[in-house]
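In my numbering, the protein residues as written are -12 to 192.
Following: one structure in structure tokens, then a few remarks.
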Amino acid sequence: MTNPTIPPGYWKDASGNLVPESKVKQIDQLRNQLVYDLCQMAEAESQALGKFKASAMMEVSSFCALSLDQYGVKTGGDKGNITLVSYDGKYKIVRQMQDKITFGEQLMAAKTLIDECVHEWAQGANDNIKALVNHAFQTDKEGKINTGRVLSLRRLDIRDDKWVNAMQAIADSIQTASTKPYVRFYKRNDTTLEYVPISLDVAAV
């Protein structure tokens, strides 16, 4: 374990201090070697998985493009959610494109309109409704709004005109910040006939 920034015969501790090797306990040296060996192996596996994912995504996209070409469609196969199943049904691949949603400035108008609705409906007698609305617009530690909570308001069947305008403001505020691709692999259980994920997460194996 050589490092050009550390003089021979010394170890550097977690605080950046140089410690003579003779002062480093044997158990600490063994622990250090174990952690280094396993973590470097994990880094190599992680890089291999990254390459495998990129390759798998490319293969699925290429197949989708080939399949669409049968019908004279030239659109690339890199959009949308796709499920591919082996001929015998034993294996299944699911490619998902998950959009990361953010909100524009129209969300401020929606919050104002909803607050006005709550004020009119509650008439100051009950704060429960207001608490629910505030919860929906509550930000996390990074100052970001939980998109799921806000979008859940749109599922409420409320016919009030002001509420309808607020829901339209939420819809107008929705923006797709980025799209993250996922690819998952499954194998069918011969007994239950259910598809079981093929885990690529070492913690889940």
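Quick reminder that beta carbons are idealized off the backbone N, C-alpha and C, glycines included.
These numbers were taken from a predicted model, which means no experiment stands behind them.
Nearest candidate by alpha-carbon position, reference residue i, set the options
i, options, result
"Val151", "Leu100, Ala35, Gly91", "Leu100"
"Thr178", "Lys77, Ala123, Asp102, Ser33", "Lys77"
"Ser186", "Asn133, Leu36, Ala41", "Leu36"
"Lys10", "Thr134, Asn19, Arg141, Tyr(-3)", "Tyr(-3)"
"Val183", "Ser2, Ile132, Lys79", "Lys79"
"Trp108", "Ala123, Tyr23, Gly91, Ile145", "Ile145"
"Leu5", "Gln16, Ile(-7), Asp15", "Ile(-7)"
"Asp188", "Ala123, Thr70, Asp56, Ala29", "Ala29"
"Asn133", "Phe90, Leu143, Lys(-1), Ala1", "Phe90"
"Asp102", "Ala123, Gln20, Glu92", "Ala123"
"Asn19", "Ala31, Gln34, Pro7, Asp0", "Asp0"
"Ala96", "Tyr23, Gln155, Pro(-5)", "Gln155"
"Gly135", "Glu181, Gln16, Asp86, Leu180", "Asp86"
Nearest-angstrom beta carbon gap, residue j and residue i [assumed within contact, 8 Å]
i, j, result
"Thr166", "Ile88", "Contact flag wrong, Cβ pair sits at about 10 Å."
"Asp159", "Cys104", "Not a contact, Cβ separation roughly 18 Å."
Same chain, Cβ closer than 7 Å to residue i, five either side skipped, listed in chain order
i, result
"Asn68", "Arg82, Gln83, Met84"
"Gln13", "none"
"Lys149", "Leu100, Glu103, Cys104"
"Pro7", "Gly(-4), Tyr(-3)"
Residue i, buried or exposed, once every other Cβ within 10 Å from all chains shown has been counted against 16
i, result
"Lys98", "buried"
"Ile157", "buried"
"Ala153", "buried"
"Val137", "buried"
"Phe39", "exposed"
Cut-off 6 Å between Cβ atoms - residues of its own chain near residue i, not counting five sequence neighbours on either side
i, result
"Leu94", "Ser160"
"Pro168", "Met44, Met84"
"Leu140", "Ala123"
"Leu71", "Ile80"
"Ala112", "Low per-residue confidence applies at Ala112: pLDDT is 45, beneath 50, and the placement is therefore not dependable enough to give any value."
8 Å CB neighbourhood of residue i in its chain, flanking five on each side removed
i, result
"Glu92", "Ser160"
"Ser2", "none"
"Asp15", "none"
At least three beta-carbon pairs within less than 8 Å, the stretch 45 to 53 to the stretch 173 to 180: no
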